[in-house]
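Residue numbers (the working numbering): 23 to 295. Have a look at the structure below before the remarks.
Written out as structure tokens, the structure reads:
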């Protein structure tokens with residue numbers, strides 16, 4: 023739709039409703055308070071219409087309609103290569119769109135119907151939504167071999183030098199899960215060790231700048247080519263995090279998500295064993 027056609031449509035809508043939805047000039051567009059109420063209602067109406075269409079298609083073959091799933095950055099790069107080839111093999115015509123965002127954004131998008139589902143790490147607040155758990159895992163302590171205890175396969179949080187432990191920056195649930203596993207919920211990190219990427223943390227460990235904690239799912243990709251690194255299982259009560267598909271309670275394609283969940287579990291069990 024062109025900009026002029028969109029402006030005309032908005033003007034016509036405002037005329038029919040008898041109120042202004044957008045305040046606009048040549049520099050910016052603002053939503054009015056009543057306009058925000060209209061937009062919120064419109065999102066709910068669209069969600070109901072989308073679900074009405076999904077009901078009419080529910081008797082079709084599985085995955086005959088497109089699906090959009092969100093995933094958090096600390097899961098996507100490590101989960102998707104393990105599971106998507108099998109999904110594609112079993113359902114070659116399935117049109118799946120993946121969106122990567124942080125947990126709070128994905129939860130909101132599932133609630134508003136912008137996503138069919140999201141893949142999150144639990145525990146995480148998802149009030150009002152339903153979770154389909156498909157994987158549970160522990161953390162591994164990754165250190166440079168020159169700085170690791172020799173011939174050790176298990177380590178407790180008390181044995182880890184906390185002052186050298188590097189974790190993701192605030193806002194990533196992986197950090198909270200790692201701290202919880204180590205019973206260190208209130209740990210303050212040195213700003214020099216702030217990172218938004220597990221790959222960056224691994225490179226810092228390879229440079230002998232510290233140690234880190236990595237979930238089991240990501241181990242093979244993160245340290246496969248890092249011969250100077252060792253991974254030691256964190257011997258604390260687990261599982262340290264649960265991976266789940268999150269959906270709305272009234273979502274009508276739960277049978278298809280159950281199929282995906284089973285594929286995910288089978289592939290992870292095979293490739294992370």
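Using N, Cα and C, we set each Cβ at its ideal position, and we do this for glycine too. Being a predicted model, the structure only gives us computed values, none of them experimental.
Just reading off the alpha helix (DSSP H) that residue 131 is part of, what are its end residues?
Numbered from its first residue, the chain shown carries residue 131 at position 109. Here the alpha helix (DSSP H) through residue 131 covers 125-134.
Count the CB pairs spanning the region 100-111 and the region 287-294 that are closer than 8 Å, and state whether there are at least three.
Segments in contact, yes.
Counting only runs that start and end within the region 137-183, where is the beta strand (DSSP E) found for 3 or more residues in a row?
139-144, 152-159, 161-166
Taking the Cβ atom as the reference point for each residue, do residue 234 and residue 267 lie within a distance shorter than 8 Å?
Against the chain shown, residue 234 aligns to sequence position 212. Against the chain shown, residue 267 aligns to sequence position 245. Their beta carbons are not under 8 Å apart, which means residue 234 does not touch residue 267 by this criterion.
Buried or exposed: residue 66, going by 16 or more other Cβ atoms within 10 Å of its Cβ?
Here residue 66 is taken as the residue at index 44 of the chain shown, counted from 1. Per the 10 Å Cβ criterion, exposed.
Does the beta-carbon of residue 239 have 16 or more other beta-carbons within 10 angstroms, so that it is buried, or is it exposed?
Position 217 of the chain shown, counted from the first residue, corresponds to residue 239. Residue environment analysis places residue 239 among the buried positions, since at least 16 neighbouring C-beta atoms fall within 10 angstroms of its C-beta.
Check whether the Cβ atoms of residue 41 and residue 56 lie closer than 8 Å to each other.
As a position in the chain shown, residue 41 is number 19, starting the count at 1. As a position in the chain shown, residue 56 is number 34, starting the count at 1. Yes; because the gap between Cβ atoms is below 8 Å, this pair is in contact.
Neighbour-count burial assignment, residue 205, 16 or more Cβ in a 10 Å radius
The residue given as residue 205 occupies position 183 in the chain shown. Its Cβ having fewer than 16 others within 10 Å, residue 205 is exposed.
Compute the beta-carbon to beta-carbon distance between residue 279 and residue 139, rounded to the nearest angstrom, for a pair I have assumed lies under 8 Å.
Taking the chain shown and counting its residues from 1, one reaches residue 279 at position 257. Taking the chain shown and counting its residues from 1, one reaches residue 139 at position 117. That pair is a contact at about 6 Å.
Length of the line joining the Cα atoms of residue 4 and residue 155
The requested residue 4 does not occur in the structure, where the chain is confined to residues 23 to 295.
Hey, out of 247, 228, 229, 224, whose CA is closest to residue 237's CA?
In the chain shown, the residue the question calls residue 237 occupies position 215. Minimum Cα distance to residue 237 is reached at 224.
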